[in-house]
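A quick write-up on the structure given underneath.
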Amino acid sequence: MASNYMRAIDAFAWNMERDPALRSTVVAVIWLDRSPTWEVLADRVDRASRSMVSLRQHVVESPLRLATPRWVSDDHFDLNWHLRRVNAPEPRTRDTVLELARQAAMDTFDRERPLWEFTLVEGLQGGEAAVIFKIHHSLSDGVGGMQMMDVLFDMHRDGDDLGPMPPAPTGERLGARAVMTGALRSSLGRVVHRARRGAETAVPTLLHTARHPIGTARNVVAMTRSVYRFAAPMPDTMSPVMRERAMVRRLATMEIPLDALNRAAKGIGVTVNDAFLGAITGGLRRYHERHHATVESLRVTMPINIRTAADAGTWGNRITLARIALPVAEADPAARMHKVHRVVETVRNEPASHLAEVIAEGLIFLPVGYIGGMLKHVDFLASDLPGSPVPIYLAGAEVTGFFGFGPTIGPRSTSH
Numbered sequence: 004m005a006s007n008y009m010r011a012i013d014a015f016a017w018n019m020e021r022d023p024a025l026r027s028t029v030v031a032v033i034w035l036d037r038s039p040t041w042e043v044l045a046d047r048v049d050r051a052s053r054s055m056v057s058l059r060q061h062v063v064e065s066p067l068r069l070a071t072p073r074w075v076s077d078d079h080f081d082l083n084w085h086l087r088r089v090n091a092p093e094p095r096t097r098d099t100v101l102e103l104a105r106q107a108a109m110d111t112f113d114r115e116r117p118l119w120e121f122t123l124v125e126g127l128q129g130g131e132a133a134v135i136f137k138i139h140h141s142l143s144d145g146v147g148g149m150q151m152m153d154v155l156f157d158m159h160r161d162g163d164d165l166g167p168m169p170p171a172p173t174g175e176r177l178g179a180r181a182v183m184t185g186a187l188r189s190s191l192g193r194v195v196h197r198a199r200r201g202a203e204t205a206v207p208t209l210l211h212t213a214r215h216p217i218g219t220a221r222n223v224v225a226m227t228r229s230v231y232r233f234a235a236p237m238p239d240t241m242s243p244v245m246r247e248r249a250m251v252r253r254l255a256t257m258e259i260p261l262d263a264l265n266r267a268a269k270g271i272g273v274t275v276n277d278a279f280l281g282a283i284t285g286g287l288r289r290y291h292e293r294h295h296a297t298v299e300s301l302r303v304t305m306p307i308n309i310r311t312a313a314d315a316g317t318w319g320n321r322i323t324l325a326r327i328a329l330p331v332a333e334a335d336p337a338a339r340m341h342k343v344h345r346v347v348e349t350v351r352n353e354p355a356s357h358l359a360e361v362i363a364e365g366l367i368f369l370p371v372g373y374i375g376g377m378l379k380h381v382d383f384l385a386s387d388l389p390g391s392p393v394p395i396y397l398a399g400a401e402v403t404g405f406f407g408f409g410p411t412i413g414p415r416s417t418s419h
């Protein structure tokens, strides 16, 4: 079968786009020292679309919301529509590329086609080139996206031999009856799966409850509270300044040596992620001071990778979104990073963090207004991904920079 149904987490990202402020568009800008060889680039993108079949699938909604939306292999897939080549407009600088990427981030996807675009921008000053890669978050998270990069990039300028081209996935045409029948089967399958899962855990749970009634009751209360913290709507932003939510986007980059973050983190016994968040909250504290505003904490949405050992090296979306109130008022960087570390560790150890798929199953059928209440009043979004520690190449061009811009889903977005 050439189609499958979205996981609840992916359907959550898809459904919330009924509110335009909650679009889940991810954009990456890749800087290159020269123009890549077009034929080789096209071959690599084609190969990636064959290896990761969701890149050749479009979304078909399930009637009456009986099931999650369905990925269906596009019977009229056109690589040339997704892979584009343009000359940079004047003044042909990196800011020119960021403006093109900004426009791409604000533009909606054609929902009748696979949800990605790959644009080569040539003719930049100094002979440089760039790639703007746009993808919907329901297709993959950042870690999964790096799996695609493994197919696209080489370790040598002359390129690596990847062997024969994989066969193209077979396209699929579905009539209204097939869509309805499939949705009913998927819905029934979910019911059976839940019943079976419940039966498998019922006896052990009853035995544990009989032996440890007080402990079991406490665990149930703790889990209920944890799920509420993950899914409860927020009444308002914590920032007295960053309150507006609009459709306009602006993309900007700033480069900081990773060694500096590593030294800062290692020197006080926290993680690089703690140093990253500590730097952001420090900047936001000064931003509020410039606007003569005082703020103790700000709420961040932070993706948490929930891949298991079985998911290692897989393409797709395997994250949960945690909403965290981070301390901002602390002026001392070291003290602030320690506070950030304690808060983040508490959230990572939340009992509900392992129930992302279950929580999403409940959320996807709620009104989009409720979802907006969960996300729009977040003050900012922050995420980080490891880059390549060694030089990499794209169709003969060296990659000199890679900047990812995650979905804002309402608030401002920061990533590194």
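Residue numbering for the sequence shown follows the numbering used here, starting at 4 and increasing by one per position. Every residue, glycine too, gets a C-beta built ideally from N, C-alpha and C. Bear in mind that the values here come from a model prediction, so they are computed numbers and not experimental data.
Mind checking who residue i pairs with in its DSSP beta bridge?
i           : result
residue 326 : 304
residue 34  : 133 and 404
residue 157 : 396
residue 62  : 74
residue 12  : Residue 12 pairs with nothing; no bridge assigned.
residue 7   : 74
residue 138 : 29 and 119
Where does residue i land, buried or exposed, given buried means 16+ other C-beta within 10 angstroms?
i           : result
residue 85  : buried
residue 137 : buried
residue 60  : buried
residue 403 : exposed
residue 72  : buried
residue 268 : buried
residue 259 : exposed
residue 41  : exposed
residue 351 : exposed
residue 246 : exposed
residue 92  : exposed
residue 292 : exposed
residue 411 : buried
residue 251 : exposed
residue 55  : buried
residue 165 : exposed
residue 87  : exposed
residue 172 : buried
Can you grab the Cα-Cα spacing for the pair residue i / residue j, in whole Å?
i           : j           : result
residue 303 : residue 371 : 20 angstroms
residue 65  : residue 19  : 16 angstroms
residue 157 : residue 393 : 11 angstroms
residue 385 : residue 306 : 8 angstroms
residue 132 : residue 125 : 5 angstroms
residue 10  : residue 68  : 14 angstroms
residue 344 : residue 277 : 6 angstroms
residue 210 : residue 184 : A caution first: residue 210 carries a pLDDT of 39, below 50, which makes its placement in the model too unreliable to give a value.
residue 284 : residue 295 : 16 angstroms
residue 342 : residue 330 : 7 angstroms
residue 279 : residue 389 : 12 angstroms
residue 401 : residue 160 : 7 angstroms
residue 238 : residue 22  : 17 angstroms
residue 262 : residue 337 : 17 angstroms
residue 208 : residue 14  : Its pLDDT being 40, under 50, residue 208 is placed unreliably by the model, and the measurement read from it follows with that caveat. Approximately 30 angstroms, taken between the alpha carbons.
residue 235 : residue 287 : 25 angstroms
residue 25  : residue 256 : 22 angstroms
residue 334 : residue 266 : 19 angstroms
Under 8 angstroms between the Cβ atoms of residue i and residue j?
i           : j           : result
residue 33  : residue 408 : no
residue 381 : residue 332 : no
residue 114 : residue 29  : no
residue 154 : residue 47  : yes
residue 16  : residue 140 : yes
residue 117 : residue 44  : no
residue 273 : residue 264 : no
residue 282 : residue 300 : no
Taking only beta-carbon atoms, is residue i less than 8 angstroms away from chain C?
i           : result
residue 308 : The structure shown contains no chain C; it holds only a single protein chain.
Run the proximity test for residue i: is its beta-carbon closer than 7 angstroms to any non-hydrogen atom belonging to the ligand GDP?
i           : result
residue 308 : Among the components of this structure there are no ligands whatsoever, and the ligand GDP is therefore not found.
- Which ranges would you report for the beta strand (DSSP E) in the segment 70-131 if only whole runs of at least 3 residues count? As for any beta strand (DSSP E) of minimum length 3 sitting wholly inside the segment 70-131, the runs are 73-76, 86-90 and 119-125, ordered along the chain.
- Residue ranges of each alpha helix (DSSP H) run of no fewer than 4 residues wholly in the segment 252-293, ordered along the chain? 261-271 and 275-293
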